[in-house]
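Enquirer: Chains as they are written, first to last, in our numbering: chain A, 36 to 336; chain B, 382 to 689.
By construction, the Cβ of each residue, glycine as well, lies at the ideal position given by its N, Cα and C atoms.
Quick one: the structure is below, and I'll ask about it shortly.
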Amino acid sequence: MPEALAYRILCTLMADKIPAVEIINLTKDFKTSFRKQMLRAVDGVSIRIMPGEVYGLIGPNGSGKSTTMKALLGLVAPTSGTCSIFGKDSLKVDSRNDVGFLPENPYFYKHLSGSETLKFYGKLCGLKGKILEDRVSELLALVDLESARDRRLGGYSKGMLQRIGLAQALVQEPRLVILDEPTAGVDPIGSRQIRDLIFKLRERGITVFLCSHLLEQVQEVCDHVGIIFRGKMVKEGRLEDLIAIEDQTEFIIKDASPELVSNIKELVNQSTGASLVRTGKPRTTLERLFLRETTHRDEDL
Amino acid sequence: MTDTTATISRGSHISRILVIARHTFTQLVRMKVFYFLAVFAVIAIGSNFFDLPQHEGPESVGVNVLRSIKSWSLGTMTLFSVVLSIVATALLLPKDIEDRTLYTILAKPVPRIDYLAGKLLGVLLLVFVSLALMDGLMTVVLQIRSSLVLEQQLAMAQSLGWPQEAINSLKLETAAQGPCWSLQGAVIAVFLRASVMASLALLISTFSSSTLFTTIISFLVYFIGHFQADMRNAYLQAGQAGEGIFARLVTLLISLVLPDFQNFNVIDAVIEGQTMPLLILGKLTLIALYYALFFTVASWFVFAEKEF
């Protein structure tokens, strides 16, 4: 028994060392019709995501984000380079045991209800019986769709479809979730709900690989980012390190009197080498204002 | 987490194929394809009225109408099963790709062969259930009508003073025109032919870019399949051209790749009241199984390399 326990601890420790995602020098060329010219969609991209991280891959449309994700899921074969999920080759089916995927703008089977959809995907992963029933109920509660569990997806809004899509991605309790533009076409409230779900995943220790061109959203949820442009990775690292302006310092003071502000300005002026760049009141974002106002309206109604 | 993982490891090829097949069946049923059964019911009942006057003797009374019921019913079954197997199969794969639902399925631990086999099995299940329902309706209509025909024949034979042996013989002959095991064999043959067409449409849809292309090519192969055997024979018997080894190899290859639907002409014989030997049904089953497996495996080879 102690040996078994030691083995399990060793496996857990080793599992933490294995990257959730490892993409090494991925290159993907596509044939263009008739002219037989090759189009290089991804050019020597390498990404390493450790378990528990939330990684955001950002870049303009057509920069190779979706192709990178598809290569990671084995939906396209790399021209060169390798992709692996928790150490397993992406081209092998068993690598998909530990991954959930939400594609961009998915249209699930409209003839199925929310619970039927989750049961279908659960059964594909080998779940059945009471375990499946419980899992479906748990996921519907997680994505706040309990009231719509028996409604067919044909009657779902865009935001609800994205949430049921996220639920299907989580059905087999994967350790890695890949989200391709999860908030595309979703209104700010739906977008916030999906963002909150990503926060919940992070709290549970699930690795998230997020692909988006909504920079504010990526900045809010990701701790690592990569910027891809014309198929090449142009910048990668910890978000805090990448966006910090090293030669500036920021204070945000609550209820500061005019005297205190004046004293601080005086101190800055007296010091050598330092200069005051800007003072003023921090502004909320339009999104936060929208959410605050619409939430209040809901409560009033 | 441990419990879930343990359950996942028990997921097998068969269970995944059955899940996809059941889902495909539900999807097609909810597309309201069974409305066609109402059309079939009208045809099966309507064929009762195609009774041409031909009253040379008691043995001919009402036989035409029994043939008419069988002919119309089996013809409609053939039309429905072939159209459904081609169109449904041609529709499902491109629709999954276009809606990106295929991504979500293949992103799960689902081998591509399981997906293809599940889709095919789902279509075949629908065709089978539809044919079973149509067969049931045809059998009921035929049973009622053959009883009426037999009563008419017996009344006429007795009024003409036929001996009992002749009357017994008449009973047997009329029973052969009614619902019988050979008729069930013919329905099975219709299903087998539809299975071949569904697997062929599956193969074409793995490399085709549109439902329309798959449908047109599948129907083209279906029609070619009805006279390819004649063409092969005509070519081999056309003097020197057909005597070489190369010509024989080419014709053999064509017969291995293109189904020969003339084998299924036994259905017409059953309509005429002939018996279908079990050996013929076994041969048809083996032929259909060969083509269905051949096309499915070829589909897998194409689909395994396909990029999305």
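Below 8 Å on the Cβ atoms is my guess for Gly189(A) versus Lys235(A); work out the distance and round it to an integer in Å.
Expert: The Cβ separation is near 28 Å, so there is no contact.
Enquirer: If you measure between the beta carbons of Leu507(B) and Ala469(B), is that distance less than 8 Å?
Expert: yes
Enquirer: Interface residues of chain A around Ile486(B) at Cβ under 7 Å?
Expert: Leu159
Enquirer: Note down, in chain order, all residues in the stretch 88 to 106 of chain A with a beta-carbon under 9 Å from any beta-carbon belonging to chain B.
Expert: Those would be Lys105, in chain order.
Enquirer: With DSSP as the reference, label Ser14(A) as helix, strand or coil.
Expert: Any question about residue 14(A) goes unanswered here, given that chain A covers just 36 to 336.
Enquirer: Residues of chain B with CB closer than 8 Å to the CB of Asp64(A), please, in chain order.
Expert: Those do not exist, as Asp64(A) stays about 11 Å from chain B at its closest Cβ, beyond 8 Å.
Enquirer: Please report the Cβ distance between Gln558(B) and Val414(B), rounded to the nearest whole angstrom; I am assuming they are in contact, meaning their Cβ atoms lie under 8 Å.
Expert: Incorrect: roughly 31 Å between the Cβ atoms, too far for contact.
Enquirer: Check whether the stretch 226 to 240 of chain A touches the stretch 158 to 165 of chain A, taking contact to mean three or more Cβ pairs, one atom from each stretch, closer than 8 Å.
Expert: no
Enquirer: Quick check on DSSP: helix, strand or coil for Lys489(B)?
Expert: coil
Enquirer: Just reading off the beta strand (DSSP E) that Leu214(A) is part of, what are its end residues?
Expert: 211 to 215
Enquirer: Once DSSP output is grouped into helix, strand and coil, what is the label at Leu670(B)?
Expert: Note: Leu670(B) maps to helix in three-state DSSP.
Enquirer: Can you name the start and end residues of the beta strand (DSSP E) that Ile93(A) belongs to?
Expert: 89 to 93
Enquirer: Does the Cβ of Glu208(A) have 16 or more other Cβ atoms within 10 Å, making it buried, or fewer, making it exposed?
Expert: buried
Enquirer: Quick one: measure Cβ to Cβ for Gly116(A) and Leu61(A), integer angstroms, because I've assumed they're closer than 8 Å.
Expert: By a beta-carbon distance limit of 8 Å, Gly116(A) contacts Leu61(A). Their separation comes to about 4 Å.
Enquirer: Let me see if you follow: with CB-CB separation under 8 Å, is Arg131(A) close to chain B or not?
Expert: yes
Enquirer: What do you reckon, are the CB atoms on Ile213(A) and Phe121(A) nearer than 8 Å?
Expert: no
Enquirer: Can you tell me whether Gly542(B) is buried or exposed? The criterion is at least 16 other CB atoms within 10 Å of its CB, across all chains shown.
Expert: exposed
Enquirer: Please specify which runs of the beta strand (DSSP E), each continuous and at least 3 residues long, are wholly inside the stretch 198 to 257 of chain A, giving them in chain order.
Expert: 211 to 215, 242 to 247
Enquirer: Pick out whichever of Arg83(A), Arg198(A), Val256(A), Gln283(A) has its Cα sitting closest to the Cα of Cys118(A).
Expert: Arg83(A)
Enquirer: For Tyr603(B), tell me which candidate among Leu670(B), Val464(B), Ser393(B), Val446(B) has the shortest Cα-Cα distance.
Expert: Val464(B)
Enquirer: Answer yes if the stretch 579 to 598 of chain B comes into contact with the stretch 521 to 531 of chain B, meaning at least three C-beta pairs across the two stretches below 8 Å, and no otherwise.
Expert: no
Enquirer: When the Cα of Ala106(A) is compared with those of Val178(A), Lys63(A), Glu285(A), Arg273(A), which residue comes out closest?
Expert: Lys63(A)
Enquirer: May I ask you to list, following chain order, the residues of the stretch 285 to 304 of chain A that have a beta carbon less than 8 Å from some beta carbon of chain B?
Expert: When CB distances to chain B are screened at a threshold of 8 Å, not a single residue of the stretch 285 to 304 of chain A falls below it.
Enquirer: Look at Gly606(B) and Asp641(B) and say whether their C-beta atoms are less than 8 Å apart.
Expert: yes
Enquirer: Using the Cα positions of Trp659(B) and Gln539(B), report the straight-line distance between them to the nearest angstrom.
Expert: Per the sequence presented here, residue 659(B) reads as Leu, with Trp not at that position. Rounded to whole angstroms, Leu659(B) to Gln539(B) spans 36 Å at the Cα level.
Enquirer: So, do the stretch 214 to 233 of chain A and the stretch 163 to 175 of chain A have three or more beta carbon pairs nearer to each other than 8 Å?
Expert: With a cut-off of 8 Å, the stretch 163 to 175 of chain A and the stretch 214 to 233 of chain A do not count as touching, because too few Cβ pairs lie within range.
Enquirer: So Ala112(A) contacts chain B; which residues on that side make the cut at Cβ distance below 7 Å?
Expert: Glu688
Enquirer: Does the separation of the CB atoms of Thr587(B) and Leu474(B) fall below 8 Å?
Expert: yes
Enquirer: Does the beta-carbon distance from Ile288(A) to Gly94(A) come in below 8 Å?
Expert: no
Enquirer: Would you kindly work out how many angstroms separate the C-alpha atoms of Ser563(B) and Leu502(B), rounded to a whole number?
Expert: 26 Å
Enquirer: For the stretch 457 to 490 of chain B, which residues have a beta carbon sitting closer than 7 Å to at least one beta carbon of chain A?
Expert: Hits within the stretch, in order: Asp480, Arg481, Thr482, Tyr484, Thr485, Ile486, Leu487, Ala488, Lys489, Pro490.
Enquirer: Taking 7 Å as the cut-off, is the CB of Tyr671(B) close to at least one heavy atom of the ligand GDP?
Expert: Of the ligands one can find in the structure shown there are none, so the ligand GDP has no counterpart to examine.
Enquirer: Using the three-state DSSP reduction, which class does Glu361(A) fall into: helix, strand or coil?
Expert: Any question about residue 361(A) goes unanswered here, given that chain A covers just 36 to 336.
Enquirer: Can you grab the Cα-Cα spacing for the pair Val400(B) / Gly499(B), in whole Å?
Expert: In this structure, the CA atom of Val400(B) is about 7 Å from the CA atom of Gly499(B).
Enquirer: Who pairs with Cys6(A) in a beta bridge, going by DSSP?
Expert: With chain A running from 36 to 336 in the structure shown, residue 6(A) is simply not present.
Enquirer: Under three-state DSSP, which class holds Ile389(B)?
Expert: With a pLDDT of 43 at Ile389(B), under the threshold of 50, the modelled position of this residue cannot be trusted, and the question is left open.
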